[in-house]
Amino acid sequence: MFFRKIITRVNGKEYAYVKLIKNYREDGKVKQRVVGNLGNIEDLTPEKINDLVNGLMRICGHEQKKCACGK
3 MFFRKIITRV
13 NGKEYAYVKL
23 IKNYREDGKV
33 KQRVVGNLGN
43 IEDLTPEKIN
53 DLVNGLMRIC
63 GHEQKKCACG
73 K
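With the sequence shown counted from 1, adding 2 to any position gets you this note's numbering.
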């Protein structure tokens with residue numbers, strides 16, 4: 003899995019979004035599927051990214067870490 007930045011244009015204005023993409027094979031062909039949409043890239047502050055990482059670590063049973071932003 004990997005993150006992809008998607009840029010859309012509406013009425014001359016650009017919007018950038020972050021999506022989590024998964025590669026898989028179907029009938030011998032490589033395809034991609036959107037696993038999750040993290041929303042507008044401008045809304046992803048270091049604190050929100052840290053919360054996402056900590057939530058994933060908690061679900062997986064790993065110890066939570068503090069982000070470099072000090073929160």
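Glycine included, C-beta positions come from ideal geometry on N, C-alpha and C.
Exercise for the section: Assign N13 to one of three DSSP states: helix, strand, or coil. Expected result: In the structure shown, N13 sits in coil (DSSP, three-state: anything other than H, G, I, E or B).
Practice task
List the DSSP bridge partners of K24.
Solution key: Bridge pairing for K24: R35 [DSSP].
Problem - Cβ-Cβ separation, N42 to Y19 (assumed contact under 8 Å), whole Å - result: With a beta-carbon spacing of about 6 Å, Y19 and N42 fall inside the 8 Å limit used to define contacts.
Practice task
Check whether the Cβ atoms of K21 and L40 lie closer than 8 Å to each other.
Solution key: Yes; because the gap between Cβ atoms is below 8 Å, this pair is in contact.
Practice task
Round the Cβ separation of V37 and M3 to the nearest angstrom and send it over; I've been treating them as touching at under 8 Å.
Solution key: Indeed they touch by this definition, with Cβ atoms about 6 Å apart.
Exercise for the section: Measuring alpha carbon to alpha carbon, tell me which of T10, N13, Y17 ends up nearest E44. Expected result: The option with the nearest alpha carbon to E44 is Y17.
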